[in-house]
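Colleague: Numbering (my numbering), first residue to last: 608 to 1171.
Idealized CB from N, CA, C, for every residue including glycine.
Set out below in structure tokens:
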């Protein structure tokens, strides 16, 4: 895990200054290399080959630099008889042999930059490692690129933010700064090198699937234990993080880390984490995010986000990161999306089975009785034969965005994430948007705020490809496969307990401190949002608009910090 930066021309001092803005991503080593046409820079967080894996690599006029982990680099050395010892050397040798096709051989999480007559950028298939760029430069963080553009809001990205909690690649919240989409490379144009496919394998039997998934998950965890440093794991006490700890602890000493909120038992999962840790015989360290820390850390979290992402668990992740004394942690992201663990997936599945002969009449009735709620919008789509599912984290729907942003509103392009794969559309869409833009950003940005690399074993290419090959009736829903595997490793009270999201009591804290008024006050300075609609949302409150309020509050704090 590192920071990479590059800019056109021989700009060594500028690159050094840019790297200084990203010291949180690694301070074990830093270097700059130039070939006069382009200059590459690198900050290192040393995890593997601690003494020899330094970058950038310059070979004649070619430049190579990367951020991340290549889990199969030793296998690639043997398979292709490469004269290489480190990951960056493997990348350079494979580039010489295969050109842009080399990236298909890599198993890992990565952002790669290569200059060979022109600039090439590559990003892993999930988007685990960030990679931003402008016309003249690329970077692991947005912060250094802001010095190269006029700072302006990208209103198309702002509509995406209100719809999906984040801008969606290639957009960022800033005009003129782009992020490379997952599974893509850039050579002057954005091109795709990998995408998930739905190729059903009818030979897979329901009685064997748990065994197959367990083996794939175990292999994924084992390769993510690579490194010359201690490795820990986040532990919520839910089945996903608990299963990862149970399997990982068979192969390596694992300390675990949890967070809670005193006085808010509905949000606090520390007692379940303790049950798991005691059952598995591993150490568990728990921390508390208080209201005081929440507000004290607000500006720091916004700094670490760099562009607004409205998932309140960023604040819990930030607090965890400040207290974990390791360089690597495992995390459980991806299981709910792969195995349909969210209750709302069940609700969307019901629409596949539904048939209503009086849709036309019901459609007219619905339009005459408008309600500004998600349920109304879902039924409107159903009665109009539109796509009902548009992402598990959809917050403001199209009509609400137009009402909120008025002339600055854009329709959000969602159809690119729907493939016509039945319930597997849920997984594909959420891998691209909810996981790719929100959850993986949280893992990277919040944990790298304290120089910690987070690894997610459920998000492994072989495992995900296998899931996409399952017949619908074999995969099923409610994470039955994961729960079946977990019976070998965990107590029943953990496997079958009611699911909780990784949420914090932000709404309670905002109300107690009178912070909701701040949304109105800041908007009166910017005049970006519809004030009457803001008042309606705040007055109605959390029962209808809880996530909406968080998105609005975070946007208000961000725009105050960046533009006022």
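Between the segment 1141-1150 and the segment 1120-1133, do three or more beta carbon pairs fall short of 8 angstroms?
Modeller: yes
Colleague: Starting from residue 647, trace the beta strand (DSSP E) both ways and give me its first and last residue.
Modeller: 645-651
Colleague: Go ahead and pull the three-state DSSP assignment for residue 774.
Modeller: coil
Colleague: Per the contact definition of three or more C-beta pairs closer than 8 angstroms, is the segment 938-946 in contact with the segment 854-867?
Modeller: no
Colleague: Provide the residue span of the alpha helix (DSSP H) that contains residue 1048, from first to last.
Modeller: Its alpha helix (DSSP H) spans residues 1047-1055.
Colleague: Could you check what DSSP says for residue 826 in three-state terms: helix, strand or coil?
Modeller: Three-state DSSP puts residue 826 in a helix.
Colleague: Could you check if residue 914 is buried or exposed, using at least 16 other CB atoms within 10 Å of its CB as the buried criterion?
Modeller: buried
Colleague: Could you have a look at residue 843 and say whether DSSP puts it in helix, strand or coil?
Modeller: coil
Colleague: Output needed for residue 1174: all residues of its chain with C-beta closer than 6 angstroms, excluding positions within five of it in sequence on either side, in chain order.
Modeller: In the structure as shown, the chain begins at 608 and stops at 1171. Residue 1174 is therefore absent and cannot be evaluated.
Colleague: Do you know how far the Cα of residue 802 is from the Cα of residue 1039?
Modeller: 10 angstroms
Colleague: Would you report the Cα separation of residue 973 and residue 954, rounded to the nearest angstrom?
Modeller: 19 angstroms
Colleague: Distance check for residue 1081 and residue 998, CA to CA, integer angstroms please.
Modeller: 23 angstroms
Colleague: From the DSSP output, in three-state form, read off residue 1091 for me.
Modeller: helix
Colleague: Quick check: the Cα distance between residue 684 and residue 877, rounded to an integer number of angstroms?
Modeller: 44 angstroms
Colleague: Please classify residue 869: is it buried, with 16 or more other beta-carbons within 10 angstroms of its beta-carbon, or exposed?
Modeller: With fewer than 16 other beta carbons inside 10 angstroms of its own, residue 869 counts as exposed.
Colleague: Whole angstroms are fine: how far does the CA of residue 980 sit from the CA of residue 1115?
Modeller: C-alpha separation (whole angstroms): 21 angstroms.
Colleague: Leaving out five residues on either side along the sequence, give the residues of the same chain with a beta carbon under 7 angstroms from the beta carbon of residue 1152.
Modeller: 1144
Colleague: Between which residues of its own chain and residue 1033 is the CB-CB distance below 8 angstroms, once the five residues before and five after are set aside?
Modeller: 944, 947, 952, 955, 996, 999
Colleague: For residue 836, count the other beta carbons within 10 Å of its own beta carbon; 16 or more makes it buried, fewer makes it exposed. Which is it?
Modeller: exposed
Colleague: Once the 5 residues before and after residue 1133 are set aside, which same chain residues still bring their CB inside 8 angstroms of it?
Modeller: 1166, 1170, 1171
Colleague: Among 730, 900, 1139, which one has its Cα closest to the Cα of residue 1007?
Modeller: 1139
Colleague: Out of 721, 1022, 970, 767, which one is the CA nearest neighbour of residue 1012?
Modeller: 767
Colleague: Using the rule of at least 16 other Cβ atoms within 10 Å of the residue's Cβ for burial, across every protein chain shown, is residue 976 buried or exposed?
Modeller: Its Cβ having fewer than 16 others within 10 Å, residue 976 is exposed.
Colleague: Does the beta-carbon of residue 632 have 16 or more other beta-carbons within 10 angstroms, so that it is buried, or is it exposed?
Modeller: buried
Colleague: Pairs of beta-carbons, one from the segment 1092-1107 and one from the segment 846-855, closer than 8 angstroms: are there three or more?
Modeller: Touching, yes, given that three or more Cβ pairs across the two stretches are closer than 8 angstroms.
Colleague: Which same chain residues end up closer than 8 angstroms to residue 1157 when comparing Cβ atoms and leaving out the 5 residues on each side of it in sequence?
Modeller: 917, 919, 1113, 1114
Colleague: Just verifying my parser: in three-state terms, what is the DSSP assignment at residue 1127?
Modeller: helix
Colleague: Go ahead and label residue 1023 buried or exposed: buried means 16 or more other beta carbons lie within 10 angstroms of its beta carbon, across all protein chains shown.
Modeller: exposed
Colleague: Is DSSP giving residue 885 helix, strand or coil here?
Modeller: helix
Colleague: Label residue 690 either buried or exposed according to how many other C-beta atoms from any shown protein chain fall within 10 Å of its C-beta, with 16 as the threshold for buried.
Modeller: exposed
Colleague: Just the Cα atoms here: how many angstroms apart are residue 640 and residue 663?
Modeller: 6 angstroms
Colleague: Thinking residue 718 and residue 611 are a contact (beta carbons under 8 angstroms), I'd like their distance in whole angstroms, please.
Modeller: 7 angstroms
Colleague: Determine the closest residue to residue 759 out of 700, 741, 783, with distance taken between C-alpha atoms.
Modeller: 783
Colleague: Please say whether residue 716 and residue 757 have beta carbons closer to each other than 8 angstroms?
Modeller: no
Colleague: Would you identify the three-state DSSP class for residue 802, choosing helix, strand or coil?
Modeller: coil
Colleague: Measuring CA to CA, which of 884, 922, 905 is closest to residue 895?
Modeller: 922
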